[in-house]
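>
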Amino acid sequence: MSERQLQLKALLEVSKMSRNKSNYGSSVTLEDWSGSFPWDSQADDTRFNVFGITSYRSNQREIINTVMSGKDVLVIMAAGGGKSLCYQLPAVLCNGIALVVSPLLSLIQDQVMGLAALGIPAYMLTSTTNKEVEKFIYRALDKGEGELKILYVTPEKISKSKRFMSKLEKCHHAGRLSLVAVDEAHCCSQWGHDFRPDYKNLGILKIQFPSVPMIALTATATSKVQMDLIEILHIPKCVKFVSTVNRPNLFYKVYEKSPVGKVVIDEIANFISESYPNNESGIVYCFSRRECEQVAKELCDRGISAEHYHADMDIIAREKIHMRWSQGKSQVIVGTVAFGMGINKPDVRFVIHHSLSKSMETYYQESGRAGRDGLSSECVLYYRPGDVPRQSSMVFYENCGLQNLYDIVRYCQSKRSCRRGAFFQHFGEALQDCNGMCDNCASSIELKEIDATNHTKIVVSVLRDLKLNDQRATLLQLVDKFKAKWKGLGYSNKDVDLKREEIEQLIVQLILDHVLKEEFQHTAAYSTNAYVTLGPLWKPALQGNRPVKLEIAVESSQDRGGGGRLSKGAKRSWMSDLEAKLDELRRELSSSSGNGGISIFPHAVLSSEQISLLSCQKPTTEAELEKVIGKVKTEKYGGRIIELMRSDVTDARAGNGADASKRNKKDKDVVFVESSSEE
Ligand SMILES: [Zn+2]
1 MSERQLQLKA LLEVSKMSRN KSNYGSSVTL EDWSGSFPWD SQADDTRFNV
51 FGITSYRSNQ REIINTVMSG KDVLVIMAAG GGKSLCYQLP AVLCNGIALV
101 VSPLLSLIQD QVMGLAALGI PAYMLTSTTN KEVEKFIYRA LDKGEGELKI
151 LYVTPEKISK SKRFMSKLEK CHHAGRLSLV AVDEAHCCSQ WGHDFRPDYK
201 NLGILKIQFP SVPMIALTAT ATSKVQMDLI EILHIPKCVK FVSTVNRPNL
251 FYKVYEKSPV GKVVIDEIAN FISESYPNNE SGIVYCFSRR ECEQVAKELC
301 DRGISAEHYH ADMDIIAREK IHMRWSQGKS QVIVGTVAFG MGINKPDVRF
351 VIHHSLSKSM ETYYQESGRA GRDGLSSECV LYYRPGDVPR QSSMVFYENC
401 GLQNLYDIVR YCQSKRSCRR GAFFQHFGEA LQDCNGMCDN CASSIELKEI
451 DATNHTKIVV SVLRDLKLND QRATLLQLVD KFKAKWKGLG YSNKDVDLKR
501 EEIEQLIVQL ILDHVLKEEF QHTAAYSTNA YVTLGPLWKP ALQGNRPVKL
551 EIAVESSQDR GGGGRLSKGA KRSWMSDLEA KLDELRRELS SSSGNGGISI
601 FPHAVLSSEQ ISLLSCQKPT TEAELEKVIG KVKTEKYGGR IIELMRSDVT
651 DARAGNGADA SKRNKKDKDV VFVESSSEE
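The numbering of the sequence shown is the numbering used here, which starts it at 1 and goes up by one.
1. Quick check on the contact list: which residues have their beta carbon closer than 6 Å to a heavy atom of ligand 1?
2. Ignore the nearest five residues each way along the sequence and tell me which others in R410's own chain have a CB closer than 6 Å to its CB.
3. By the three-class DSSP mapping on this structure, what secondary structure does T528 have?
4. If we ignore side chains and look at the alpha-carbon of each, how far apart do L205 and L74 end up?
5. Name the two residues that bound the continuous beta strand (DSSP E) containing V101.
6. For G488, is the classification buried or exposed, using 16 other Cβ atoms within 10 angstroms of its Cβ as the cut-off for buried?
7. Alpha carbon to alpha carbon, what distance is there between P389 and S376?
8. I'd like to know if the segment 248–262 and the segment 314–330 are in contact, where contact means that at least 3 CB-CB pairs between them fall below 8 Å.
9. Would you tell me roughly how many angstroms separate the C-alpha atoms of S281 and F136, rounded to the nearest one?
10. Give the list of continuous beta strand (DSSP E) stretches no shorter than 3 residues that lie fully inside the segment 481–513.
11. Looking at the strands, I want to know which residues DSSP matches up with H308.
12. Rounded to the nearest angstrom, how far is the Cβ of V112 from that of Y152, given a contact under 8 Å?
13. Report yes if the CB atom of V380 is closer than 8 Å to the CB atom of H353, and no otherwise.
14. Can you look up D667 in the DSSP assignment and give me helix, strand or coil?
15. Could you tell me the alpha carbon to alpha carbon distance between C412 and Y383, rounded to whole angstroms?
16. Answer with buried or exposed for D72, where buried requires no fewer than 16 other C-beta atoms within 10 angstroms of its C-beta.
17. Cα-Cα, which of I76, G401, D40 and P602 is closest to N344?
18. Buried or exposed, going by whether 16 or more other CB atoms sit within 10 Å of the CB of G368?
19. Quick one: what does DSSP say Q521 is sitting in, helix, strand or coil?
20. Look at the Cβ atom of E366, then the Cβ atom of F251, and state whether they are nearer than 8 Å.
21. So I235 packs on N201, CB below 8 Å; how close in whole Å?
22. Residue range of the alpha helix (DSSP H) that H455 falls in?
23. Near L578, what residues of its chain come up, given a Cβ to Cβ distance below 6 Å and the 5 sequence neighbours on each side ignored?
24. So I408 and S443 are in contact, right, with Cβ under 8 Å, and what is the actual spacing, rounded?
25. So what does DSSP say about M77, is it helix, strand or coil?
26. For Q331, which of M313, G340 and H308 has the nearest alpha-carbon?
27. Would you kindly report the start and end of the unbroken beta strand (DSSP E) that includes F424?
28. Should the segment 203–217 be called in touch with the segment 225–242, which here means at least 3 C-beta pairs below 8 Å?
29. Going by DSSP in three states, T244 sits in which element: helix, strand or coil?
30. Put S392 into one of helix, strand or coil per three-state DSSP.
31. I'd like to confirm the pairing. Which residues does DSSP put opposite I207 in its beta bridges?
32. Thinking just about the alpha-carbon of each residue, which of S161, H173 and M124 is nearest to the one in K143?
33. Please name the residue or residues paired with E298 in a DSSP beta bridge.
34. To the nearest angstrom, how far is it from the Cα of F520 to the Cα of L510?
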């Protein structure tokens, strides 16, 4: 009777713990903004001929119409959704100057260089701006002289420079301030994951310029953060556009991580060199600074061009590494969480997690740095249960830290549920089809369901005995004690004898199911030990009242070491010869066509999507080329591109069999690419 009460109490506690926290709210009706507007044809012309973009992505057109109608707008759009076009296109269409507030110098530089490459007069006013450019900008604001269409500033300029604000005032007074965009708007809110004090002062913009439309943009914001930033920016009547968190072009997978460090690196190195032999960019995330340096070094030893990046390095060194990677001079950045905001590279083809992330949100963001250009990309997480205590002893003191960690652990432990479905559930969104773009949906791995009720009994009894003797065990110690007791009891005849990793998997599953729990203790050496102890539901488990099932993969004869098993179900992104040539050409053009000696990024010359289209449609005249990449880029780079296309056609006519077969293979991929970007 009192037993039953205890059980109910335990269950209640559990349900309280697992209640959902974040909700993304629903999107505003779009019909009003998708109709026809007076600027339609001009907008279409600018989109294609200036920006070289074939069609709008989801919500872009509606957002642009809303801004053009003079409304305030809040945009929540996943990475790769095309946020910047939402303010850059209206900025080009409107008379006057658009002000863009962005938190990071590197982000701003990337944008300004990209816009300049398109022939759009964009400038930045930051601490690095030289006197002459500063003078030019102030004259443009003050007197309307010179050509200035988009002005980027950091939030510090708004909160600290009186001179700038007074010039902006004059600009507005003369009716030349067309719109204000606040990028990474979640930085306003203390509830967000990137709070910046200077963002708090941006409310002044709406107070000073109430008639100028403001567009606030961010990739992720919980409803709490949304409400907060609407209040801080003073845009209570804003029209809200919340896009789906779904990234249909990303393939999610979790790999069993070997306990042997070298084996993991071998697998990662094989994965990169076999899947991405043409220097396609990628990121490898690591748990600690030391691990990050070591993994980078070991990848280099295996012939991968990799550099490490973490918060202990000085800013200049970090900037250099980031720049080399952005320009395609190194292939992989091996980083800690410090490698985050400011990464604007659209053609990152793979993001590998060498270790577990600390939450679904962190993982969503980090893995989401892949495939912003909409082309198929891979997100791989290396997981082993032994990594859980390492993370949990770091996050247990954070608010909801353990709960958030266990969510991502659940994601990793699952061998059946759709990975994408886990994101929808986490962000409170309705389920959408995965289209086989995760390992669990695509996989043909055979699973075996094992009855682990007796194994569980032993685990629990071991822990109970320890508790009676006032002792504790770490995950590793618990596995050893389990093995000893298992042998002693001679269970192995009727029950499955589990391997070490499978026992670890079972123990973590029992933690997630609240049969067990983790406990933490600081040590003298400023570190924290994680122990496994009895959780709220240990009693029914000890009695064997609740059957426990454990899913394990049936061992395949395939070699664990990389290539073979990885090719299953994954979307390959081999480049055809022609694509590789175009990629080389864009790198060459980018380093020679910069603004005032600064080279622009290769993706500003040709996006990966444009490279795919070019290699598929093979234009050989200027008129044909213009239909693929628009007027501005054709004028700038047309000559070289056509030269390359013509020589390729000649090569093909000469009858290069191998090349032709490769191209056929690629054509199939292109179909996939097009359908994904239309979505
Ligand atoms: Zn799936």
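Backbone N, C-alpha and C fix where the C-beta goes; we use that ideal spot for every residue, glycine too.
Per the coordinate set shown:
1. Result (chain order): C418, R419, R420, C434, C438, N440 and C441.
2. Your numbering for residue 410 matches position 410 in the sequence shown. Short of 6 Å from the beta carbon of R410, and not among the five residues preceding or following it, lie these beta carbons of its own chain, in chain order: L512.
3. Within the sequence shown, the letter at position 528 stands for residue 528. DSSP places T528 in the strand class (E or B) of the three-state scheme.
4. Here residue 205 corresponds to residue number 205 of the sequence shown, with the count starting at 1. Here residue 74 corresponds to residue number 74 of the sequence shown, with the count starting at 1. Approximately 15 Å between the Cα atoms of the pair.
5. On the sequence shown, residue 101 is found 101 positions in, with the first residue counted as 1. Looking at the DSSP string, the run of the beta strand (DSSP E) that includes V101 is I97 to V101.
6. Stepping through the sequence shown from its first residue, residue 488 is reached at position 488. G488 comes out exposed.
7. Start at 1 with the first residue of the sequence shown, and residue 376 comes out as number 376. Start at 1 with the first residue of the sequence shown, and residue 389 comes out as number 389. Approximately 33 Å between the Cα atoms of the pair.
8. The segment 248–262 makes no contact with the segment 314–330; the number of CB pairs closer than 8 Å stays below 3.
9. Residue 281 sits at position 281 when you count from the first residue of the sequence shown. Residue 136 sits at position 136 when you count from the first residue of the sequence shown. The alpha-carbon of S281 is positioned some 37 Å away from that of F136.
10. Taken in chain order, the complete beta strand (DSSP E) segments of 3 or more residues contained in the segment 481–513 number zero; there are none.
11. Your numbering for residue 308 matches position 308 in the sequence shown. Answer is V334.
12. Indexing the sequence shown from 1 puts residue 112 at position 112. Indexing the sequence shown from 1 puts residue 152 at position 152. Sure, about 6 Å apart at Cβ, within 8 Å.
13. The residue you call residue 380 lines up with position 380 of the sequence shown. The residue you call residue 353 lines up with position 353 of the sequence shown. Contact annotation: V380 and H353 have beta-carbon atoms nearer than 8 Å.
14. Here residue 667 corresponds to residue number 667 of the sequence shown, with the count starting at 1. Any answer about D667 is weak, because its pLDDT of 40 lies below 50 and its placement is not dependable; what the coordinates show is given next. Correct three-state label for D667: helix.
15. Here the question's residue 412 lines up with position 412 in the sequence shown. Here the question's residue 383 lines up with position 383 in the sequence shown. Roughly 7 Å between the two C-alpha positions.
16. Start at 1 with the first residue of the sequence shown, and residue 72 comes out as number 72. So D72 ends up on the buried side.
17. Residue mapping note: residue 344 aligns to position 344 of the sequence shown, counting from 1. When only C-alpha atoms are compared, the closest one is P602.
18. In the sequence shown, counting from the first residue as 1, residue 368 sits at position 368. It is buried - the Cβ of G368 has at least 16 other Cβ atoms within 10 Å.
19. In the sequence shown, residue 521 corresponds to position 521, counting from 1. DSSP places Q521 in strand when its eight states are reduced to three.
20. Taking the sequence shown and counting its residues from 1, one reaches residue 366 at position 366. Taking the sequence shown and counting its residues from 1, one reaches residue 251 at position 251. No Cβ-Cβ contact shorter than 8 Å links E366 with F251.
21. Walking along the sequence shown from the start, residue 235 turns up at place 235. Walking along the sequence shown from the start, residue 201 turns up at place 201. That pair is no contact at about 15 Å.
22. Here the question's residue 455 lines up with position 455 in the sequence shown. Element bounds for H455: T453 to L468.
23. For the purposes of this step, residue 578 is taken as residue 578 along the sequence shown, with counting starting at 1. Same-chain partners within the cutoff: S615 and D648.
24. What you label residue 408 is simply residue 408 of the sequence shown in a count that begins at 1. What you label residue 443 is simply residue 443 of the sequence shown in a count that begins at 1. I408 to S443, Cβ: 20 Å. No contact.
25. Numbered from its first residue, the sequence shown carries residue 77 at position 77. In this structure, DSSP gives M77 a state outside helix and strand, which the three-state scheme calls coil.
26. Counted from its first residue, the sequence shown places residue 331 at position 331. Ranking the options by Cα distance to Q331, first place goes to H308.
27. Residue 424 sits at position 424 when you count from the first residue of the sequence shown. Here F424 belongs to no beta strand (DSSP E); instead the alpha helix (DSSP H) covers R419 to H426.
28. In short, these stretches touch, since the Cβ pair count reaches three.
29. Here residue 244 corresponds to residue number 244 of the sequence shown, with the count starting at 1. Of the three classes helix, strand and coil, the one that applies to T244 here is coil, per DSSP.
30. Taking the sequence shown and counting its residues from 1, the one referred to as residue 392 is at position 392. In this structure, S392 counts as helix in the three-state DSSP scheme.
31. Residue numbering aside, residue 207 sits at position 207 when the sequence shown is read from its first letter. DSSP lists no partner for I207.
32. Within the sequence shown, the letter at position 143 stands for residue 143. Closest in alpha carbon position to K143, among S161, H173 and M124, is H173.
33. Stepping through the sequence shown from its first residue, residue 298 is reached at position 298. BP columns for E298 are empty, so no partner.
34. On the sequence shown, position 520 is the one that residue 520 refers to. On the sequence shown, position 510 is the one that residue 510 refers to. F520 and L510: Cα-Cα distance of roughly 17 Å.
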